[in-house]
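Novice: Quick one: structure below, then a few questions.
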Amino acid sequence: MEKVKLDNKRILFNLLPAHVAQHFLMSNPRNMDLYYQSYAQVGVLFASIANFNDFYIELDGNNMGVECLRLLNEIIADFDELMEKECYRDIEKIKTIGSTYMAAVGLVPTTASKTKKSITSHLCTVSDFAIEMFDVLDAINYQSYNDFVLRVGINVGPVVAGVIGARRPQYDIWGNTVNVASRMDSTGVQGKIQVTEDVYRLISEQYDFVCRGQVSVKGKGQMLTYILKGRSHSGRPNKSAARQPSNILPRPRVAIKRGSSPLSPFDLSPPHAVADL
Numbered sequence: 001m002e003k004v005k006l007d008n009k010r011i012l013f014n015l016l017p018a019h020v021a022q023h024f025l026m027s028n029p030r031n032m033d034l035y036y037q038s039y040a041q042v043g044v045l046f047a048s049i050a051n052f053n054d055f056y057i058e059l060d061g062n063n064m065g066v067e068c069l070r071l072l073n074e075i076i077a078d079f080d081e082l083m084e085k086e087c088y089r090d091i092e093k094i095k096t097i098g099s100t101y102m103a104a105v106g107l108v109p110t111t112a113s114k115t116k117k118s119i120t121s122h123l124c125t126v127s128d129f130a131i132e133m134f135d136v137l138d139a140i141n142y143q144s145y146n147d148f149v150l151r152v153g154i155n156v157g158p159v160v161a162g163v164i165g166a167r168r169p170q171y172d173i174w175g176n177t178v179n180v181a182s183r184m185d186s187t188g189v190q191g192k193i194q195v196t197e198d199v200y201r202l203i204s205e206q207y208d209f210v211c212r213g214q215v216s217v218k219g220k221g222q223m224l225t226y227i228l229k230g231r232s233h234s235g236r237p238n239k240s241a242a243r244q245p246s247n248i249l250p251r252p253r254v255a256i257k258r259g260s261s262p263l264s265p266f267d268l269s270p271p272h273a274v275a276d277l
């Protein structure tokens, strides 16, 4: 019986963030009230492998697309491993949507962003994580002879977090902040990190930016956005992973499908009247 309880506890902590899992373990099992928390300032990241749909193809030679999905799984797993670093302990992976990776920072009640200093610190954490995601993908491209391209969007603002479902409970976040973050990704530039003006104002002293200009965003109209280039000289050094891996064996090639149009999980208008980057 104790082993079953331990296994169930382990599953719960794998499904939910630690502070949420602890809430359910301490709650009355008969209490089926909705779990939710409101947060004033959360950094939200969406990162898409922009050309994965061009890569995916179903052929006998790649087990009808299974090998393509196997490589996608390795990419996502490497992003997950990156998040295990101590410096990224405050970031919470929310979910993956196809080839899009969603994460947020500032969701742990004890470390939630309550002051400008803590908000800035959290945004720096998620920005550094985004920069390292590019290095991780570069390493995978080097190993697998592919040319995947990452595209990232970041926003900050209020969200509501909660758990939906009984048999398969899922932790998620909702709000306009989340919607705009996804649009920063989908209207972004391949190989770049696009952020909102709110993000720029909070961390402009720590990072170098280029003003992209006005971008047409579905449901929001024209938004002024910025491209995050990297840590400024006054910021702490970027602790990015090496781009050339030396201790991992190359992965096998997988056939690449070219010429098709990628399908985004978000139906968004294209950028408009933007500056060259």
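Heads up, the sequence shown is in UniProt numbering, so the first residue is 1 and it goes up one at a time.
All C-beta atoms, glycine included, are put in the ideal place defined by N, C-alpha and C.
What you are looking at is a predicted structure, and each value in this text was computed from that prediction instead of being measured.
Return the CA-CA distance between I131 and N141, expressed in angstroms with no decimal places.
Specialist: 16 Å
Novice: Can you tell which of G153, A18 and T187 has the C-alpha that lies nearest to the C-alpha of V215?
Specialist: For V215, the closest alpha carbon among the candidates G153, A18 and T187 is that of T187.
Novice: Would you tell me roughly how many angstroms separate the C-alpha atoms of D138 and E92, rounded to the nearest one?
Specialist: In a straight line, the C-alpha of D138 is about 23 Å away from that of E92.
Novice: Would you kindly work out how many angstroms separate the C-alpha atoms of M26 and E205, rounded to a whole number?
Specialist: 42 Å
Novice: Considering Cα atoms alone, identify which of Y101, Q190 and K117 is closest to R201.
Specialist: K117
Novice: Applying the 10 Å Cβ sphere with the 16-neighbour rule, what's the burial state of N40?
Specialist: The question names Asn, yet the displayed sequence has Ala at residue 40. Label assigned to A40: exposed.
Novice: Just curious, the beta strand (DSSP E) that K229 is in, first and last residue?
Specialist: G221 to R231
Novice: Along the chain, where does the alpha helix (DSSP H) containing T120 start, and where does it finish?
Specialist: K116 to S144
Novice: Rounded to the nearest angstrom, how far is the Cβ of K192 from that of F209, given a contact under 8 Å?
Specialist: Going by Cβ atoms, the distance from K192 to F209 rounds to 11 Å, so no, they are not a contact pair.
Novice: I need the straight-line Cα distance from F129 to A77, nearest angstrom please.
Specialist: 15 Å
Novice: Decide if P250 is buried, meaning its Cβ has at least 16 other Cβ atoms within 10 Å, or exposed.
Specialist: Unreliable positioning characterises P250 in this predicted model, as indicated by a pLDDT of 48, which lies under 50. A coordinate reading is not provided.
Novice: List the residues that DSSP assigns as beta-bridge partners of T100.
Specialist: S48 and I97
Novice: Taking the CB atoms as reference points, tell me whether P109 and H233 lie closer together than 8 Å.
Specialist: no
Novice: Considering only residues of the same chain and omitting the five flanking positions on each side of T120, which have a CB-CB separation below 8 Å?
Specialist: L202, I203 and Q206
Novice: At the level of alpha carbons, what is the spacing between D90 and L45?
Specialist: 13 Å
Novice: Can you tell me whether Q206 is helix, strand or coil according to DSSP?
Specialist: Residue state, collapsed to three classes: coil.
Novice: Terminal residues of the continuous alpha helix (DSSP H) containing A161?
Specialist: Element bounds for A161: not the alpha helix (DSSP H) but the beta strand (DSSP E), L150 to I164.
Novice: When the Cα atoms are used, what is the spatial distance from T225 to P17?
Specialist: In a straight line, the C-alpha of T225 is about 31 Å away from that of P17.
Novice: Locate the beta strand (DSSP E) running through D172, then write down its first and last residues.
Specialist: Q170 to W174
Novice: Should A181 be labelled buried (16 or more other beta-carbon atoms within 10 Å of its own) or exposed?
Specialist: In the assembly as shown, A181 is a buried residue. Its beta-carbon has 16 or more other beta-carbons within 10 Å.
Novice: Can you list, in chain order, the residues of its chain whose CB lies under 7 Å from that of P169, leaving out five sequence neighbours each side?
Specialist: In chain order, L15, L16 and V163 place their CB closer than 7 Å to the CB of P169, counting only its own chain and leaving out the 5 sequence neighbours on each side.
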